[in-house]
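K.L.:
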DNA sequence: CCCCAGGCACCTC
DNA sequence: GAGGTGCATGGG
């Protein structure tokens with residue numbers, strides 16, 4: 010096992026770890042105290058990730074980011090938490106905007122995640138009409154039941170497309186997925202048969218969004234989530250219920266009669282290139298703050 | 001009992 | 001393409 014620590018200056022140690030991993034972006038991490046989405050962590054609490062090539066755990070302690078694990082853990086850490094993103098430069102692209110500024114001040118240093126495409130796709134198919142805490146529970150259930158054992162550990166990584174393709178709709182309904190069960194199974198089968206969501210990473214943004222909607226259970230909103238949280242399309246702005254409400258109240262000029270048109274308007278409003286970062290700060294702020302706008 | 005949750009598939013027109 | 005409807009499940 011390797012171990013180390015990263016010094017990160019400014020912006021809440023350069024990585025608001027709890028906000029990044031408990032803001033409904035990734036559903037693949039667990040906590041050593043088992044209290045994900047239930048209670049704040051302490052300096053002893055590890056965030057843990059089992060993946061196909063090993064495991065990684067990380068915690069923020071004494072102003073540093075401590076990590077340990079197997080399977081090139083530092084590289085995985087940098088990749089999954091986008092630690093190479095230059096946050097001050099990203100903030101500088103945002104408009105002068107009181108609500109957006111309040112959202113950044115709420116969790117300065119929060120980062121986007123970079124999840125593997127298949128796991129991200131399934132996670133957000135499950136997100137339809139569902140609270141963040143329950144989406145998390147579904148992904149835990151899928152992993153515990155159909156996941157892959159990480160060699161040398163008792164931890165399980167998110168299931169492969171093949172593993173989920175071999176389930177039945179009834180199997181997945183038994184895990185509480187409800188009407189999302191057939192969507193998950195069919196999309197897993199499509200990926201197992203060779204339709205690769207990663208292809209969208211190299212396409213122009215709007216083409217990429219359209220491409221992802223070929224998967225069952227994936228509409229424009231879920232496609233935007235996968236583009237933003239997995240495929241490096243940082244301009245993607247998922248138009249969920251929270252963001253739609255804020256558009257009505259704060260950016261009424263951006264409201265249009267279709268998803269693509271509203272998307273384009275709000276992406277422009279949020280400065281284009283990193284509009285998805287702005288969306289994610291707003292989402293977390295609106296969803297969890299005691300007194301949002 | 002009601003309503004709602006990081007929407008989507010399917011059906012009309 | 002735009003607009004309505006049904007959909008599983010758990011929590012307030």
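In the working numbering, the protein residues as written are 10 to 302.
Built from N, CA and C at the ideal position, the CB exists for glycine as well.
Could you spell out where the alpha helix (DSSP H) holding residue 181 opens and where it closes?
P.N.:
178-182
K.L.:
Residue 285 by DSSP, collapsed to three states: which one?
P.N.:
helix
K.L.:
Tell me the DSSP bridge mates of residue 60?
P.N.:
63
K.L.:
Tell me whether residue 223 is buried or exposed, calling it buried when 16 or more other Cβ atoms sit within 10 Å of its Cβ.
P.N.:
exposed
K.L.:
With DSSP run on the structure shown, which of helix, strand or coil describes residue 26?
P.N.:
helix
K.L.:
Closer than 6 Å by C-beta to residue 237: which residues in its own chain qualify, once you throw out the five before and the five after it? Chain order, please.
P.N.:
245, 285
K.L.:
If you reduce the DSSP assignment to three classes, tell me which class residue 154 lands in.
P.N.:
helix
K.L.:
Pick out the complete beta strand (DSSP E) segments inside the region 37-107, 3 residues or longer, and give them in chain order.
P.N.:
Segments of the beta strand (DSSP E) lying fully in the region 37-107: 56-60, 63-70, 73-78.
K.L.:
Using three-state DSSP, classify residue 228 as helix, strand or coil.
P.N.:
coil
K.L.:
Residue 12 lies in the alpha helix (DSSP H); which residues open and close that run?
P.N.:
From DSSP, residue 12 is part of no alpha helix (DSSP H) but of the beta strand (DSSP E) over 11-16.
K.L.:
Would you decide whether residue 302 is buried or exposed? Buried here means 16 or more other CB atoms lie within 10 Å of its CB.
P.N.:
exposed
K.L.:
Roughly how many angstroms separate the alpha carbons of residue 233 and residue 128, rounded to a whole number?
P.N.:
15 Å
K.L.:
Please name the residue or residues paired with residue 166 in a DSSP beta bridge.
P.N.:
157
K.L.:
With a CB to CB cut of under 6 Å and the five nearest residues on each side skipped, what residues in its chain are close to residue 166?
P.N.:
59, 60, 61, 156, 157, 159
K.L.:
If the criterion is Cβ atoms closer than 9 Å, does the pair residue 119 and residue 293 meet it?
P.N.:
Against a cut-off of 9 Å, the Cβ pair of residue 293 and residue 119 comes out as a contact.
K.L.:
Apart from the five residues on each side of it in sequence, which residues of its chain come closer than 7 Å, Cβ to Cβ, to residue 208?
P.N.:
220
K.L.:
If you draw a straight line from the alpha carbon of residue 33 to that of residue 225, how long is it in whole angstroms?
P.N.:
21 Å
K.L.:
Taking only the alpha-carbon atoms, compute the straight-line gap between residue 91 and residue 35 and give it to the nearest angstrom.
P.N.:
13 Å
K.L.:
Could you spell out where the alpha helix (DSSP H) holding residue 194 opens and where it closes?
P.N.:
Counting along the chain, residue 194 sits inside the alpha helix (DSSP H) bounded by residues 190-201.
K.L.:
If contacts are defined as beta-carbon pairs under 8 Å, then residue 8 and residue 86 qualify, I think. What distance do you get, rounded to the angstrom?
P.N.:
Since the displayed the chain opens at 10 and closes at 302, residue 8 lies outside it and no answer follows.
K.L.:
Using the beta-carbon count (16 or more within 10 Å), is residue 250 buried or exposed?
P.N.:
By the neighbour-count criterion, in which 16 or more other beta carbons inside 10 Å mark a residue as buried, residue 250 falls on the exposed side.
K.L.:
Since residue 13 contacts residue 76 with CB under 8 Å, what's their CB separation in whole angstroms?
P.N.:
6 Å
K.L.:
Give the range of the alpha helix (DSSP H) segment to which residue 128 is assigned.
P.N.:
126-134
K.L.:
Can you tell me the Cα-Cα spacing of residue 138 and residue 161, whole angstroms?
P.N.:
Between the alpha carbons of residue 138 and residue 161 lies a gap of roughly 38 Å.
K.L.:
Taking residue 219 as part of the alpha helix (DSSP H), name the residues at either end of that continuous run.
P.N.:
Residue 219 -> alpha helix (DSSP H) spans 214-221.
K.L.:
Which of helix, strand or coil does DSSP assign to residue 149?
P.N.:
helix
K.L.:
With a Cβ-Cβ cutoff of 9 Å, do residue 230 and residue 268 count as a contact?
P.N.:
yes
K.L.:
Can you tell me whether residue 109 is helix, strand or coil according to DSSP?
P.N.:
The answer is helix: DSSP assigns residue 109 an H, G or I state.
K.L.:
Would residue 271 and residue 256 be called neighbours here (beta carbons separated by less than 9 Å)?
P.N.:
yes
K.L.:
If you compare alpha carbons, which of 202, 273, 193 is closest to residue 215?
P.N.:
273
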